[in-house]
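Residue numbers (the numbering used here): 255 to 333.
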(Lines of atoms letter the chains of each structure in order from A and count residues from 1; the text may use other names and numbers.)
(Lines give C-alpha, C1' and ligand atoms only; values in the text may rest on other atoms or scores of the structure.)
Protein backbone atom coordinates (compact mmCIF):
# COMPACT_ATOMS: atom_id res chain seq x y z
CA UNK A 1 0.00 0.00 0.00
CA UNK A 2 2.77 2.41 0.91
CA UNK A 3 4.30 2.21 -2.57
CA UNK A 4 1.20 1.44 -4.67
CA UNK A 5 -1.37 3.85 -3.21
CA UNK A 6 0.26 5.86 -0.43
CA UNK A 7 2.18 8.36 -2.57
CA UNK A 8 -1.00 9.76 -4.17
CA UNK A 9 -3.74 8.82 -1.69
CA UNK A 10 -4.07 12.33 -0.18
CA UNK A 11 -4.53 13.81 -3.66
CA UNK A 12 -7.61 11.70 -4.46
CA UNK A 13 -11.22 12.62 -3.70
CA UNK A 14 -11.37 9.62 -1.37
CA UNK A 15 -8.19 10.70 0.40
CA UNK A 16 -9.55 14.19 0.92
CA UNK A 17 -12.85 12.89 2.32
CA UNK A 18 -11.13 10.29 4.54
CA UNK A 19 -7.66 11.61 5.47
CA UNK A 20 -5.18 8.95 6.50
CA UNK A 21 -3.82 8.88 10.00
CA UNK A 22 -1.16 6.30 10.82
CA UNK A 23 -1.35 4.88 14.32
CA UNK A 24 1.37 2.54 15.58
CA UNK A 25 -0.12 -0.82 16.56
CA UNK A 26 2.09 -1.01 19.64
CA UNK A 27 1.58 2.51 20.98
CA UNK A 28 -1.11 3.36 23.50
CA UNK A 29 -4.25 4.13 21.53
CA UNK A 30 -5.17 7.83 21.49
CA UNK A 31 -8.17 8.66 23.70
CA UNK A 32 -10.39 9.58 20.76
CA UNK A 33 -9.80 6.14 19.18
CA UNK A 34 -10.34 3.93 22.21
CA UNK A 35 -13.93 3.10 21.24
CA UNK A 36 -12.92 1.28 18.04
CA UNK A 37 -12.29 -2.46 17.97
CA UNK A 38 -8.65 -3.47 18.42
CA UNK A 39 -6.47 -3.79 15.34
CA UNK A 40 -4.82 -7.20 15.10
CA UNK A 41 -3.15 -7.10 11.67
CA UNK A 42 -1.42 -4.58 9.45
CA UNK A 43 -2.32 -2.84 7.39
CA UNK A 44 -5.80 -2.18 8.70
CA UNK A 45 -7.77 0.79 7.46
CA UNK A 46 -10.45 1.96 9.89
CA UNK A 47 -12.99 4.55 8.82
CA UNK A 48 -13.90 6.65 11.86
CA UNK A 49 -16.69 9.19 12.03
CA UNK A 50 -17.25 11.27 15.16
CA UNK A 51 -15.16 8.82 17.18
CA UNK A 52 -17.10 5.75 15.98
CA UNK A 53 -15.81 3.02 13.72
CA UNK A 54 -18.01 2.90 10.62
CA UNK A 55 -15.90 0.71 8.37
CA UNK A 56 -12.77 -1.41 8.22
CA UNK A 57 -10.49 -3.05 5.66
CA UNK A 58 -8.00 -5.57 7.02
CA UNK A 59 -5.04 -6.41 4.82
CA UNK A 60 -3.87 -5.34 1.39
CA UNK A 61 -3.49 -7.39 -1.77
CA UNK A 62 -3.30 -4.84 -4.58
CA UNK A 63 -4.30 -1.29 -5.49
CA UNK A 64 -7.34 -2.30 -7.55
CA UNK A 65 -8.83 -4.38 -4.71
CA UNK A 66 -8.09 -1.64 -2.19
CA UNK A 67 -9.89 1.03 -4.23
CA UNK A 68 -12.90 -1.22 -4.82
CA UNK A 69 -13.19 -2.09 -1.11
CA UNK A 70 -12.50 1.46 -0.01
CA UNK A 71 -15.10 2.88 -2.38
CA UNK A 72 -17.70 0.44 -1.03
CA UNK A 73 -16.80 1.37 2.53
CA UNK A 74 -17.15 5.10 1.84
CA UNK A 75 -20.45 4.61 0.00
CA UNK A 76 -21.96 2.35 2.66
CA UNK A 77 -20.42 3.04 6.07
CA UNK A 78 -21.30 0.49 8.76
CA UNK A 79 -22.01 -2.26 6.20
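We put the beta carbon where it would ideally sit given N, CA and C, even for glycine. Treat the numbers as computed from the prediction; the structure is a model and nothing was measured.
Could you name the residues of the same chain whose beta carbon sits closer than 7 Å to that of residue i, not counting the 5 residues immediately before and after it, in chain order?
| i | result |
| --- | --- |
| residue 327 | 301, 309, 311 |
| residue 269 | 263 |
| residue 259 | 317, 320 |
| residue 323 | 311 |
What's the call for residue i, buried or exposed, on a 16-neighbour Cβ count within 10 Å?
| i | result |
| --- | --- |
| residue 272 | buried |
Looking at C-alpha atoms only, which residue of the options is the closest neighbour of residue i?
| i | options | result |
| --- | --- | --- |
| residue 277 | 290, 266, 262, 268 | 290 |
| residue 285 | 321, 306, 324 | 306 |
| residue 298 | 288, 292, 313 | 313 |
Assuming the contact rule is C-beta atoms closer than 8 Å, residue i and residue j should be a hit. Round their C-beta distance to whole Å, please.
| i | j | result |
| --- | --- | --- |
| residue 296 | residue 279 | 6 Å |
| residue 304 | residue 331 | About 11 Å separates the two Cβ atoms, so there is no contact after all. |
Using DSSP bridges, identify the partner residues of residue i.
| i | result |
| --- | --- |
| residue 307 | 302 |
| residue 312 | 298 |
Enumerate in chain order the residues of its own chain whose CB-to-CB distance from residue i is below 6 Å, with the five nearest sequence positions on each side excluded.
| i | result |
| --- | --- |
| residue 255 | 297, 314 |
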